[in-house]
Amino acid sequence: MTTAVSTPETAENKQDQNPVENIVSVRGLTKVFRDFWGRPKARAVNDVDFDVRKGEVFGLLGPNGSGKSTTVKMLLGLLYPTKGHLEVFGHSPRHVATKARIGYLPEESYLYKYLDAAETLDFFGSLFQLNKKEREQRTEQLLEMVGLSQVRSRVVGEFSKGMQRRIGLAQALINDPDLVILDEPTSGLDPIGCREVKDLILALAARGKTVILSSHLLADVEDVCDRVVIYYGGRIQAQGTLNELLAKPDTSRITTPLLTKDVMQRVLDILRKEIGEEKIKVDVPTQNLENYFLNVVEQAREKEEMTSGATSGSRVAEYLRGDADMPSAKRQEKVLERLTLSEPVEIDESIPGEEPLAEEEKVLVEKLEQLTRPEPVQTTAAEPAGSGVQTPEQSRGELKAADEKLSSLLGGSNGDKTGNSEPKE
Amino acid sequence: MKGITAIAWVTLKAAFHFRLFYLLLFLLLLTVGALPLVIKHDGSAQGLIQITLTYTLGFVTVLLGFATLWIACGTLAKDIEDCQMQMIVVKPVSRAQIWLGKWLGIMGLNAVLLSLAGCSIYGMLHFRAKSLPLDQQAYLRDKVLVARGVSKLPIEDFQEEMDLAIEERIKETIRRDPEAALRMDMDFLRQQVTTEVRAFYEQVSPNGAGKGWPFQLTSDVDSIRDKTLFIRTKFNSAQLSDEGKVFNLVWGIGVPQTPEYVERPMDLTEDTYHEIPIPPNSFDDQGRLMITCFNMSETAILFPLDGGIEILYPKGGFAMNFVKGLLMILLWMGLFAAIGLMTAGALSFPVASFTALAILFIGLSSGVMSTAVEDGTIFGYNHEQGAPKARWIDYLVIPMFRFFLYLIQAVRVFSPIDSLSLGQEIPALQVGQAFLQVGVGLCGGLALVGIFLFQRRELATVQVVQ
Ligand SMILES: Nc1ncnc2c1ncn2[C@@H]1O[C@H](COP(=O)(O)OP(=O)(O)OP(=O)(O)O)[C@@H](O)[C@H]1O
Ligand SMILES: [Mg+2]
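Heads up: the protein sequence lines correspond to chains A and V, in order. Residue 359 in our numbering sits at position 365 of the first sequence, and the numbers go up by one each step. For our numbering, add 26 to where a residue sits in the second sequence, where the first one is 1.
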């Protein structure tokens, strides 16, 4: 398996060799949002093909507004495709009976604010025709699972965002679905919650359930997904298993526990002799998918793909930038570099021909580095992030760190997943 | 089915949560309690009934009707706009079930509110009746707080007669002037003949002329033995200028020239309902009763064919009748709920409630429509220049109006409040008919349209970020 980027064709070829039941199949799916007069407003999804096979955890990745939720909503019959064909369990998404096999968590928790936690689950249970006893049992267990047993008789309108998310998750599972569709399941959840969601997804997968997960939290995706598609501008830019996508056929990687400086030096010496300084890259392999993702999006942007969603904010607004000593693009690049390649970097290392970093920026970089360093973390996740440039990596770093800390706290019961740098499978 | 009831339950629960139930209940009870205090009646039984029953029940109906329309629009449109509907349609319930669940929820609310309002009206009526003078109390007991059966004249079919008369008229014209026959306006002729034939049946000539009507009362003759029956009548003067004039009429009850025959002279105002008591046992063994009216005045009078003269006989208790009346009002509410849901399934809340109101007002302004349909144009009929040239818009609008009128008529024929105020029995048959026409026919039709529109609606086009 050496393909890095698989086109739809290769995906289908593969399927021919190894026939598996397709739970979802999408062909030429296109969604154009139109205004009242029928004029196109946004092409949210553009000629998309993919299949989701039975028992796999399938990830929909993409920047904001790239069409993930729109795809999911078409799968559920909440939006009707402008063009293309779409089958879920071999039926149209509007086939009512099929829905008994699907659980859905939308990106926001749209709950009746006047029902309490237990009533909410009971209500959704009734929609699945579950009898009273079954509803009661499942409600009890689900509330226990999402940690809301204590507040079962409080109305959900009073719940915090994360608590509402948890109820949303619980209702998605009340029918013990064969296909679970989760749209950004970890948004709004605390680190423990995120962790639990990931464990849950893996548990479902282990039971042979199929999971479709939309997210831009790459760590989440990397931890749980078997196969992903990456969207940009409504089109699939890449799709395949994580192995396929992340393997670089012409590179080798040796993964070891963190080496001491001394050992590292000796290893590098040997390698230098064999292949030369410039081809060696030492990193802590935690952010592969992230790099890959950024790469794909970057490439797509270079090709100037149209997107109706958010283009990533590559420039900090002028009035926020403060001193203009360094060309802004350059400076950000540097920060990003430090964040994405977590190669141990000397703080005082100065890039030739450039001014040293501004003081606050240094602090920020230091802090983030600390967070992303795979050593036992000193800082706690609860510590407020530094002010200044807010990047997704920053929060991700914190989350990662917190996850790791948690896994050690929890006695490593789930430790084999999080913090594991190996591509899955 | 579980899905439908769950949705109905949530809908009902919302009404309680948003205090809507309590507000409506408060308003309804306020109406029942305060209206009779604000509007003083004249101390007669009729006055009391008019305020405590007719006005109050009417007001309750209007209040509940508007509330229903609004709640129906709100419950569906808001669920769609706030996206909760997205969580429901991804479950194995069809949109039809969702729609029906909503409808049932609203109807549950209506049923509770209407029965509470009904109970309080019923209590109020009996409570306040005690303060009336004794004779008025007796009047109330005999004429209003009962369910009286109505015996109507058989509706005669004039079609044959009219066709004959028209043929006659054409033949005569041809005999006199064949040229003119070609220029004859058939519509006009038909109208003229109809008026003449009707007048023949409705009219009682002046100066002592009389007209008799044989009534067939209930087949259960024993049930009305020894009871006082009433003639209920309303007539018009043949001269339009006689508005409000008093006429001297002599009513003959029974078959003339028999020992049971009695005559009752009275002075009665035209265009008003009168009730004339009939001595007990004036009917024969088969329950037939002959009524004659002699017109002693100098002007001819007309008894309209529908409701000009009827016989009322005691049939049942008020309570049961009252319940039947409330049931019919509940049917109307079902209609309002269906209108509200239909618009809300397709439109956003403000637009939906506006549209629903517009539909309601079209229903109430049926007078304009029926004039237009009669004239065949919406531009007004000019009586000097004759029929106008039909404009293209008439071809479009008139059939539409005709259809609307047909629908409105299907609802309007049932007037439970009038029946209750007049102490008339609402026949079970009529309740059944109303159920079929309004409940099944109209509500069903609206439901089909509503579900169709709701089905087509994309539910995730609104993005709500909480
Ligand atoms: N109802 C709508 N009307 C118009 N445009 C819409 C609508 N819903 C989504 N879009 C557009 O479609 C595109 C894709 O939106 P979508 O919600 O699928 O993105 P997403 O990938 O889920 O993003 P995010 O990560 O922010 O959730 C965006 O440009 C969005 O503006
Ligand atoms: Mg989304």
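Backbone N, C-alpha and C define an ideal beta-carbon position, used for all residues, glycine too.
Identification of chain V residues near lysine 93 of chain A by a Cβ-Cβ cut-off of 9 angstroms yields Val115, Val116, Lys117, Pro118 and Val119, ordered along the chain. Boundaries of the alpha helix (DSSP H) harbouring glycine 471 of chain V: 469 to 482, taken from the DSSP string.
Within chain V, the residues placing a beta-carbon under 9 angstroms from that of proline 100 of chain A are Cys109, Gln112, Met113, Val116 and Ala486, ordered along the chain. Among the CB atoms of chain V, none fall inside 8 angstroms of the CB of valine 20 of chain A. For leucine 265 of chain A, the enclosing alpha helix (DSSP H) has its first and last residue at 255 to 269. With contacts defined as CB atoms closer than 8 angstroms, alanine 166 of chain A and threonine 133 of chain A fail to qualify as a contacting pair.
Taking 7 angstroms as the cut-off, one finds no heavy atom of ligand 1 near enough to the beta carbon of lysine 48 of chain A. For a Cβ distance threshold of 8 angstroms, residue set Lys28, Gly29 and Pro118 of chain V lies close to glutamine 123 of chain A, ordered along the chain.
Scanning V/Val223, V/Leu54 and V/Ser120 for the CA closest to the CA of phenylalanine 92 of chain V turns up V/Leu54. Each residue's CA atom was taken as its position, placing valine 116 of chain V and lysine 93 of chain A some 6 angstroms apart.
Serine 208 of chain A has A/Leu54 and A/Asp177 as its beta-bridge partners, per DSSP. An exposed status is given to alanine 454 of chain V, since fewer than 16 other beta-carbon atoms sit within 10 Å of its beta-carbon. For phenylalanine 348 of chain V and serine 181 of chain A, the gap between their C-alpha atoms comes out near 58 angstroms. Leucine 74 of chain V is classed as buried because its beta carbon has at least 16 other beta carbons within 10 Å across all chains shown. Not one heavy atom of ligand 2 lies closer than 7 angstroms to the C-beta of aspartate 172 of chain A. For the C-beta of serine 120 of chain A, the chain V residues within less than 7 angstroms are, from N- to C-terminus, Lys28, Gly29 and Ala32.
Contact of leucine 198 of chain A with chain V by beta-carbon distance below 8 angstroms is absent, the smallest such distance being about 18 angstroms.
Between the segment 199 to 207 of chain A and the segment 172 to 189 of chain A, the count of C-beta pairs closer than 8 angstroms reaches three or more; the two stretches touch. For alanine 40 of chain V, the C-beta contacts it makes with chain A under 8 angstroms involve Tyr106 and Tyr108, in order along the chain.
Interface criterion not met: the Cβ of histidine 67 of chain V is under 8 angstroms from no Cβ in chain A. Between the segment 94 to 106 of chain V and the segment 356 to 366 of chain V there are three or more inter-stretch CB-CB distances shorter than 8 angstroms, so the stretches are counted as touching. DSSP, read as helix, strand or coil, puts histidine 89 of chain A in coil.
Between isoleucine 230 of chain A and valine 51 of chain A, the C-beta spacing is not below 8 angstroms.
A heavy atom of ligand 1 is found nearer than 7 angstroms to the CB of threonine 487 of chain V. Using a Cβ-Cβ cut-off of 8 angstroms, lysine 67 of chain A counts as an interface residue toward chain V, since at least one Cβ of chain V sits closer than that to its own. In the DSSP annotation of this structure, the continuous segment of the alpha helix (DSSP H) that includes asparagine 347 of chain V starts and ends at 344 to 372. In this structure, aspartate 177 of chain A has its CB closer than 7 angstroms to one or more heavy atoms of ligand 2. For the beta strand (DSSP E) assignment, the uninterrupted runs of no fewer than 3 residues enclosed by the segment 156 to 194 of chain V are, from N- to C-terminal side, 172 to 177. Looking at the backbone, the Cα of valine 257 of chain A and that of threonine 250 of chain A are separated by about 11 angstroms. For arginine 224 of chain V, the enclosing alpha helix (DSSP H) begins and ends at 212 to 228. Each of V/Gln218, V/Ala60 and V/Lys104 was checked against the Cα of phenylalanine 85 of chain V, and the nearest Cα belongs to V/Ala60. When Cβ pairs closer than 8 angstroms are counted between the two stretches, the segment 185 to 201 of chain V is seen not to touch the segment 340 to 358 of chain V, the count staying below three. Between the segment 136 to 146 of chain V and the segment 421 to 429 of chain V, the count of C-beta pairs closer than 8 angstroms stays below three; the two stretches do not touch. In the three-state reduction of the DSSP assignment, valine 42 of chain A falls in the strand class, which pools E and B. Around the Cβ of tyrosine 432 of chain V, a 10 Å sphere holds fewer than 16 other Cβ atoms; the residue is exposed. Nearest C-alpha to leucine 373 of chain V among V/Ile434, V/Ser396, V/Ala103 and V/Ser120: V/Ala103.
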